[in-house]
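Worksheet: the structure to be examined is printed underneath.
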Amino acid sequence: MANQRTMAELLRAPTEGYDEAIMVPPILAEQFELKHSLINMLTLDQFFRLEKDNPHDHIRWFNKITSTIKYKDLPNSAIKLMIFAFSLVGAARRTTNLRNEISNFHQRFDESFHEAWDRYKDLLRACPHHSFTKLHQLDAFYNALNLADQDSLNSAAGGNLLERRTQDVLTIIENKSKVRNSQNKSVFSQVKSSDANSNSFSEIANLTRAVNQQTSAVTTAMTAILKQFQATPHPASVKAVEDICVT
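Using numbering that gives the first Met the number 0, the letters of the sequence shown map in sequence onto residues 0 to 246.
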């Protein structure tokens, strides 16, 4: 039986795997610096996430290295969180970076709702091992939107979107994205049609203008010829009289 609790109820329950892949706590130590020698040591045996790589062995090695590091007013766990990314490379590091992008996702200033939703889904597909539940994916996306799009989703939900079940929220988001895509396609089609009509009208106007110019040129030439003809003096008519000689 599907869970009938709303997203808000589920989010109030204790869950794991919702924060960033690596979330470093505030550093309170007055003097702190990561030594280059430590970073170099970590890069000597990095984890690639290949078939031959054993993640448990890598964690044991990493804990052994970091257990020797001591800083005043700085817990060892914070040091581990700060430097762990340096022990990763290739696919392992990409996964970590993508998880951070997913958890820190925000709608861009010039990004429409459906563009933001498509970009968010692309990030999830690019990181199949992100470990975020559908509940946390939708909550993170909703909170990443601008106020206008949040209000639009709340309106579609008939109230607070998060007071709906997880599957209902997903359906509302998908429907809103589809409607916006459909509207954009319609507008794009209208623009293309308008452009085509504009081009046709432009061609007709150009042809009309060319014909008018040619007609004007012919009229001007005929007028000039007529004026020239009228200005030329004509010889007086002379009536020829022929003498008829009778022989």
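Heads up, the beta-carbon is just placed ideally off N, CA and C, and yes, glycines get one too. Predicted, not measured: the structure shown is a model, and the values here were computed from it.
(message) Tell me whether the segment 97 to 112 and the segment 123 to 143 touch, counting them as touching only if at least three CB pairs, one residue from each stretch, are closer than 8 angstroms.
(response) yes
(request) Below 6 angstroms CB to CB, which residues in the same chain sit around D148 once its five sequence neighbours on both sides are set aside? (result) The beta carbon of D148 lies closer than 6 angstroms to those of F112 in the same chain, with the five residues before and after it left out.
(request) Please name the residue in P54, L49, L97 and F31 whose C-alpha comes closest to that of N75. (result) F31
(message) Going residue by residue through the segment 35 to 85, where are the continuous alpha helix (DSSP H) segments of at least 4 residues, counting only ones entirely within it?
(response) 35 to 42, 54 to 65 and 75 to 82
(request) With a 10 Å radius around its C-beta and 16 neighbouring C-beta atoms as the bar for buried, classify T65 as buried or exposed. (result) buried
(message) For R98, tell me which candidate among H129, L33 and I82 has the shortest Cα-Cα distance.
(response) H129
(message) L152 and L160 - do their beta-carbons sit closer together than 8 angstroms?
(response) Yes, the Cβ-Cβ distance between L160 and L152 is below 8 angstroms.
(request) Using the Cα positions of K184 and H55, report the straight-line distance between them to the nearest angstrom. (result) With a pLDDT of 48 at K184, under the threshold of 50, the modelled position of that residue is not reliable, and no figure is offered here.
(message) Does L206 pass the burial test, meaning 16 or more other C-beta atoms within 10 Å, or should it be called exposed?
(response) exposed
(message) Could you compute how far the alpha carbon of L37 sits from the alpha carbon of A91?
(response) A direct Cα-Cα distance of roughly 20 angstroms separates L37 from A91.
(request) Taking only the alpha-carbon atoms, compute the straight-line gap between T95 and G158 and give it to the nearest angstrom. (result) 35 angstroms
(message) Going by DSSP, what residue range makes up the alpha helix (DSSP H) through R92?
(response) A90 to S102
(request) Return helix, strand or coil for T165, following the three-state DSSP convention. (result) The DSSP-derived three-state label of T165 is helix.
(message) Tell me which residue opens and which closes the alpha helix (DSSP H) that E114 is part of.
(response) F112 to A125
(message) Taking its Cβ as the centre, do 16 or more other Cβ atoms sit within 10 Å of S86, making it buried, or is it exposed?
(response) buried
(request) Please state if the CB of T170 and the CB of K133 are separated by a distance shorter than 8 angstroms. (result) Result no, Cβ atoms of K133 and T170 do not sit closer than 8 angstroms.
(message) Between S151 and chain C, is any beta-carbon pair separated by less than 8 angstroms?
(response) No chain C is present in this structure, which holds just one protein chain.
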